Each structure stands twice: as C-alpha cells, then as structure tokens.
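Chains as they are written, first to last, in my numbering: chain A, 110 to 306; chain B, 16 to 82. Idealized CB from N, CA, C, for every residue including glycine. Remember, it's a predicted structure, so these values are computed and weren't measured experimentally.
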Amino acid sequence: MARMKFLCDSERCIECNGCVTACKNEHEVPWGVNRRRVVTLEDGVPGERSISVACMHCTDAPCAAVCPVDCFYTTDDGIVLHDKDLCIGCGYCFYACPFGAPQYPQKEAFGVRGKMDKCTFCAGGPEGKDNSEEERQKYGRNRIAEGKLPLCAEMCSTKALLAGDGDMVADIYRERVMKRSTRPQSWGWLTAYQEDV
Amino acid sequence: MKPRIMLKVGSLALLAVLATGCNRATDVTVYEPGVYKGSKDPLVKMHATAEHKAQLQERLTKSQADR
C-alpha cells in the first residue's frame with residue numbers, strides 16, 4: 110500500500126528556499142507562519158548541509174498522541190491532517206513534534222495563540238468539499254485531490270526534496286546514492302517512519 | 016373576571032417557560048480518548064481508489080525522478 114513520505118537529499122539541497130516560497134505562495138500562508146523552512150547545519154564550515162524541513166507526516170505521529178481534543182486524523186496513505194474547528198491552540202503538539210512543524214498565528218494581544226497550522230502535504234483538511242473556498246482559506250490548496258503532489262517538491266530545482274509514495278521515493282534516492290557512491294543520509298526518516306532508506 | 020383569566024394564562028405561560036428551561040440538551044459530544052470526532056474529509060475516500068494512487072505515482076515518476 111502506498112505511504113506518502115517526504116525525503117530531503119542533503120547532498121543536493123542548495124538552500125535556495127524555493128520550496129519555502131512555493132509553499133507560502135500556493136497556500137497563501139500568513140506572515141509569521143512557516144509550514145516549511147530550510148535549516149542549515151554547520152553553516153560556514155566544511156561539511157555544511159542544508160535540509161528542507163516541514164511536517165514529516167510521521168507513522169506514529171506524536172502530535173496526534175498528545176492532542177487533548179484529538180483533532181488529528183491520518184489518511185489511508187499516511188498523510189497526517191488536522192481539524193482547525195476542533196483545535197484549541199494549546200501548543201502540546203508543538204512540544205511533541207521532533208521537527209518543530211506546528212505553527213501558530215498570533216492573532217491577539219498577550220501572546221494568545223490561534224489555531225495550529227502545519228504542512229498538509231498539499232491535501233487540505235476536513236472542510237466540506239475538496240478545494241472549496243472554505244478549505245482553501247483554512248488549510249490551503251488541495252493539490253492531492255487534483256492528482257498532484259506537494260508543490261515544494263515539484264518546484265525543487267535540484268530535485269533535492271522528494272514527496273510521494275515512500276517506496277518510489279526510496280527507490281529514486283537509492284539509485285542516486287549508488288550513482289554517486291556515498292552513504293545514504295535520509296535525514297529524519299528514522300524519527301518519522303521508524304525505518305531507513 | 017378579566018384579571019383572573021389573565022392570571023391563569025400568565026401562570027400557565029410561566030409554567031411552560033420553566034418546564035422548557037429545565038430541559039437538558041442530550042446531543043453533547045462525549046469525549047473518548049484517541050478518537051477523532053471532527054468532520055469527515057472527502058479526500059480519504061478518494062485516496063482509497065487505485066485510480067487516484069496510480070495518478071499520483073505517475074506524477075511522481077514524471078516530475079521528481081531523475082532524467
């Protein structure tokens with residue numbers, strides 16, 4: 110069965126932030142909320158690596174485990190989504206997430222949090238019809254319903270970011286590793302999916 | 016005569032208001048840990064179809080595999 114996964118090839122990521130821009134533009138993500146971001150490790154020293162990070166849609170999602178109102182659900186192919194009508198903005202998921210994916214728009218004074226926002230794997234949320242105006246406003250565009258994959262991966266100029274069926278993603282990555290004869294560095298896979306490429 | 020009728024009607028109305036006011040709502044959502052009770056996502060049904068899966072796999076091969 111297909112299981113949707115993200116994989117960022119750190120050998121290829123050039124820190125262009127194209128994925129971040131594509132995500133922001135596609136879903137009209139508000140100012141201050143970053144569903145995806147590029148993290149650079151060992152910046153400025155030999156061996157520097159950049160990784161594009163967002164919600165990894167974990168197999169056993171810790172965010173869902175700690176949610177006091179159970180606003181998370183997982184689709185058949187492993188996309189972790191949430192219902193903003195149920196979310197109370199408590200912030201527990203932010204503390205539980207190993208990738209720092211959950212984001213909160215600060216709408217009111219005194220640091221009061223709004224409803225949690227995170228990467229939806231471009232699959233929208235539980236809002237009436239797919240790609241309805243309400244869904245677009247709350248969760249962003251639903252590309253999966255249109256038969257498309259996440260725009261961040263499709264826009265990646267070096268094809269560092271891969272998104273789709275986990276087995277196929279692993280095959281593409283394995284082929285690359287064989288060609289360049291390096292060690293596989295599937296960053297975040299063990300944490301998110303409890304398995305490596 | 017008139018004030019008596021008015022008093023009766025008034026007391027009946029008051030009784031009706033009190034009776035409906037004490038009515039308990041029975042449609043509360045009972046909490047069960049770990050159970051999602053939000054709205055249904057139509058995408059979940061669509062995802063289950065082999066056609067949709069094949070479409071996404073084809074898209075992955077076309078747009079993300081190395082040339």
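Would you say residue i reaches chain B, if we count a Cβ-Cβ gap shorter than 7 Å as a contact?
i	result
Pro211 (chain A)	no
Asp152 (chain A)	no
Leu116 (chain A)	no
Ile160 (chain A)	no
Asp179 (chain A)	yes
Ile281 (chain A)	yes
Asp226 (chain A)	no
Residue j and residue i - do their beta-carbons sit closer together than 7 Å?
i	j	result
Ile197 (chain A)	His166 (chain A)	no
Met113 (chain A)	Asp186 (chain A)	yes
Arg144 (chain A)	Cys128 (chain A)	no
Val147 (chain A)	Glu120 (chain A)	no
Ala210 (chain A)	Lys227 (chain A)	yes
Ile160 (chain A)	Cys202 (chain A)	no
Gly273 (chain A)	Leu260 (chain A)	no
Gln70 (chain B)	Gly233 (chain A)	no
Trp296 (chain A)	Asp305 (chain A)	no
Glu243 (chain A)	Glu236 (chain A)	yes
Ala63 (chain B)	Ile281 (chain A)	no
Asp192 (chain A)	Cys180 (chain A)	yes
Met277 (chain A)	Ala131 (chain A)	no
Thr184 (chain A)	Val32 (chain B)	no
Glu135 (chain A)	Arg250 (chain A)	yes
Glu195 (chain A)	Tyr182 (chain A)	It is worth fixing the name first, because residue 195 (chain A) is Leu in this sequence and not Glu. Contact flag unset, no.
Thr229 (chain A)	Tyr213 (chain A)	no
Val162 (chain A)	Phe219 (chain A)	no
Cys231 (chain A)	Arg245 (chain A)	no
Ala111 (chain A)	Lys77 (chain B)	no
Asp239 (chain A)	Pro57 (chain B)	yes
What residues from chain B crowd round residue i, counting only those whose CB sits closer than 8 Å?
i	result
Gly234 (chain A)	Asp56
Glu217 (chain A)	Going along chain B, no residue has its Cβ under 8 Å from Glu217 (chain A), so there is no contact; the nearest lies around 24 Å.
Ala111 (chain A)	Lys68, Leu71, Gln72
Leu258 (chain A)	Leu71, Arg74, Leu75, Ser78, Gln79
Arg285 (chain A)	Asp81
Which chain B residues sit within Cβ distance under 7 Å of residue i?
i	result
Leu83 (chain A)	The question about residue 83 (chain A) has no answer here: the residues shown for chain A are numbered 110 through 306.
Thr184 (chain A)	Leu58, Val59, His62
Lys238 (chain A)	Pro57
When you compare the CB of residue i with every CB in chain A, is at least one pair closer than 7 Å?
i	result
Arg74 (chain B)	yes
Tyr25 (chain B)	The sequence shown places Gly at residue 25 (chain B), not Tyr. Not an interface residue.
Considering just the uninterrupted stretch of the alpha helix (DSSP H) at residue i, what are its terminal residues?
i	result
Gly223 (chain A)	Looking at the DSSP string, Gly223 (chain A) is not in any alpha helix (DSSP H), and its letter there is neither H nor E.
Arg74 (chain B)	65-79
Leu299 (chain A)	298-302
Met61 (chain B)	57-62
Tyr213 (chain A)	Unbroken run through Tyr213 (chain A): none, as it is neither H nor E.
Phe203 (chain A)	201-205
Thr130 (chain A)	127-136
Thr260 (chain A)	Contrary to the premise, residue 260 (chain A) reads as Leu rather than Thr in this sequence. From DSSP, the alpha helix (DSSP H) with Leu260 (chain A) extends over 260-264.
Starting from the beta carbon of residue i, find every residue of chain A whose beta carbon is closer than 9 Å, and list them in chain order.
i	result
Val43 (chain B)	Ordered by position in chain A, no residue passes the 9 Å Cβ test against Val43 (chain B), which lies about 15 Å from the chain.
Along the chain, where does the beta strand (DSSP E) containing residue i start, and where does it finish?
i	result
Val286 (chain A)	Not the beta strand (DSSP E): Val286 (chain A) falls in the alpha helix (DSSP H), residues 275-289.
Phe115 (chain A)	113-117
Val175 (chain A)	Segment 171-175 is the alpha helix (DSSP H) holding Val175 (chain A); no beta strand (DSSP E) there.
Tyr182 (chain A)	181-183
Arg245 (chain A)	Segment 242-248 is the alpha helix (DSSP H) holding Arg245 (chain A); no beta strand (DSSP E) there.
Ser295 (chain A)	Unbroken run through Ser295 (chain A): none, as it is neither H nor E.
Leu195 (chain A)	Element bounds for Leu195 (chain A): n/a, residue is neither H nor E.
Arg158 (chain A)	158-162
For a contact defined as C-beta to C-beta under 9 Å, what are the partners of residue i on chain B?
i	result
Asp305 (chain A)	Those within 9 Å of Asp305 (chain A) in chain B number zero; the least Cβ separation is about 20 Å.
Ile123 (chain A)	The premise fails here: Ile123 (chain A) is roughly 16 Å from chain B at the closest Cβ pair, so nothing lies under 9 Å.
Asp169 (chain A)	Here the premise fails: no neighbours, minimum Cβ distance about 12 Å.
Within 7 Å (strictly less), CB to CB, does residue i reach chain C?
i	result
His166 (chain A)	Structure shown: chain C not included; protein chains present are A and B.
Using a C-beta to C-beta distance shorter than 8 Å, which residues of chain A count as neighbours of residue i?
i	result
Lys52 (chain B)	Asp179, Leu195
Contacting positions in the segment 240-253 of chain A - beta carbon closer than 8 Å to chain B
Those residues of the segment 240-253 of chain A placed with their C-beta closer than 8 Å to a C-beta in chain B are Asn251, Ile253, ordered along the chain.
Residues of the segment 262-277 of chain A in Cβ contact with chain B at a cutoff of 7 Å, in chain order, please.
For the segment 262-277 of chain A, which is checked against every Cβ of chain B, the residues closer than 7 Å are Ala262, Glu263, Lys268, Leu271, Gly273, Asp274, Met277.
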